[in-house]
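Heads up: the sequence shown begins at 221 in the numbering used here, then just goes up one per residue.
The block underneath contains the structure these notes are about, expressed in structure tokens.
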Amino acid sequence: MRNHRSLALAVVTVAGLTAGAFAQDVSPTGQPVPGAVGTRTEGAFDGLKFTLVANTSHAFRTDLRGSGDADTNVTRGGLDLGITFPAGENVSIGVDLGVEGSWYSLKGDTRLVPGSGEPWSDMYSVNLGPSLRWRLDDKWNIISSGFLNFSGESDADWSESLTGGGLIAAAYSFSRDFTLSAGVAIASRLEDSTLFVPIVGIDWKISPTMRLASRGLGLEFSANLTTNWQFLLFGRYESRAFRLEENSRLPSGVFRDKRVPVGAGIQYTFGKDLTLRLDGGMIVWSEFETLRNGGETFNQRDLDGSAFIGGSLSYRF
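Encoded structure:
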């Protein structure tokens, strides 16, 4: 049962990552996806473009079930830079670089590693990936991308902290307001088998002021309140895996952090290039898991629900 559940969550992870990549031009906040390219074609082939996104989030303190008085909170911050440029009338190439820090405040006997106390505090992730989009005609786009990711503690072995993969998919626009994309993705994982899974994405402009689209590992509904103000509702699945240091209490093991946040947000656009977004909501499910070097699960703990807040500032030029 445990293996079946882990495989199902892994499939959702990769499918959500790649589906989200089709729905937007920049990596989703909280789960960077290097090489992400959107189904939307407006301006995609018009010249050299840069997108810079700074984001942060905080999950408030919550208890680890089955670990006595152990509790935790998590603060994250990241920066993503995306570059796209035309390589012909109907071909666009992109390169994306993303960095993220995760700061964990773990207190009490978490039982996630041998012994007690705080097993770790800081985790880091670096993502790099190229992407290519080929516009066949007004309805069809071919999308491909690759990625290389480092995730772990600052002193973790780089060679043991790398994962990579890629995807290829086709996006079809049934109209100016509705696009579907489908394809396949392959991705390696820390201390786990390589995934090869089908993927799907959606971008539906419901009305002139409302849209439903894949975002990251889930869906987002947006409604334009005015020319500059936008209201958002979203739900997504997030999954991160980090390599532990060789001299940790679980030498060169792996820590996995999975969660399902559901929330609402407000977004304000300054002119056409600068956008500020603020989010808030609840993490309705989350799980911490540790694995020994070699892939054997050491321990797993579900967490109680907790509130979260977040924000991002993006600039296109």
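All residues carry an ideal CB built from backbone N, CA and C; glycine is no exception.
Query - For W378, three-class secondary structure by DSSP - result: What you label residue 378 is simply residue 158 of the sequence shown in a count that begins at 1. In the structure shown, W378 sits in a helix (DSSP, three-state: H, G or I).
Query - Cutoff 6 angstroms; reference R355; Cβ partners in own chain excluding five residues on either side - result: Taking the first residue of the sequence shown as 1, we reach residue 355 at position 135. N310 and N361.
Query - N444 - containing beta strand (DSSP E), residue span - result: Along the sequence shown, read from residue 1 onward, the residue named residue 444 stands at position 224. Here the beta strand (DSSP E) through N444 covers G438 to N444.
Query raised in the report: According to DSSP, is L464 helix, strand or coil?
Result: Position 244 of the sequence shown, counted from the start, is the residue given in the question as residue 464. It is coil, neither helix nor strand.
Query raised in the report: Just the Cα atoms here: how many angstroms apart are T447 and D493?
Result: Within the sequence shown, residue 447 is the residue found at index 227, counting from 1. Within the sequence shown, residue 493 is the residue found at index 273, counting from 1. Approximately 14 angstroms, taken between the alpha carbons.
**Report entry** Contacting residues, own chain, Cβ-Cβ under 6 angstroms from N369 (five flanking each side not counted)
**Finding:** The residue labelled residue 369 in the question sits at position 149 within the sequence shown. Counting only Cβ-Cβ distances below 6 angstroms, and skipping sequence neighbours, we find N347 and T383.
Report task. Report all residues from its chain with a CB closer than 6 angstroms to the CB of D397; omit the five preceding and five following residues, and keep chain order. Result -> Here residue 397 refers to the residue found at position 177 when the sequence shown is read from its first residue. K425.
Query - Neighbourhood of K478 by C-beta distance below 6 angstroms, restricted to the same chain and skipping five residues each side - result: As a first step, residue 478 is located in the sequence shown; it is residue number 258 there, counting from the start. These residues qualify, in order along the chain: S459 and E507.
Query raised in the report: On the three-state DSSP scale, how would you describe L511?
Result: Looking up residue 511 in the sequence shown gives position 291. DSSP places L511 in strand when its eight states are reduced to three.
Query raised in the report: Looking only at C-alpha atoms, which of L496, R331 and T304 sits nearest to F451?
Result: If you number the sequence shown from 1, residue 451 lands on position 231. Answer by Cα proximity: L496.
Query raised in the report: Apart from the five residues just before and just after A274, which ones in its own chain have a Cβ nearer than 7 angstroms to its Cβ?
Result: If you number the sequence shown from 1, residue 274 lands on position 54. Correct list, in chain order: L299, S532 and L533.
Requested in this report: Just list the alpha helix (DSSP H) runs in the stretch 382-462, keeping only unbroken ones of 4 residues or longer that don't cross its boundaries, in chain order.
Outcome: none
Requested in this report: Verify whether the separation of the beta carbon atoms of S341 and S325 is less than 9 angstroms.
Outcome: Against the sequence shown, residue 341 aligns to sequence position 121. Against the sequence shown, residue 325 aligns to sequence position 105. In contact: S341 and S325 (Cβ atoms closer than 9 angstroms).
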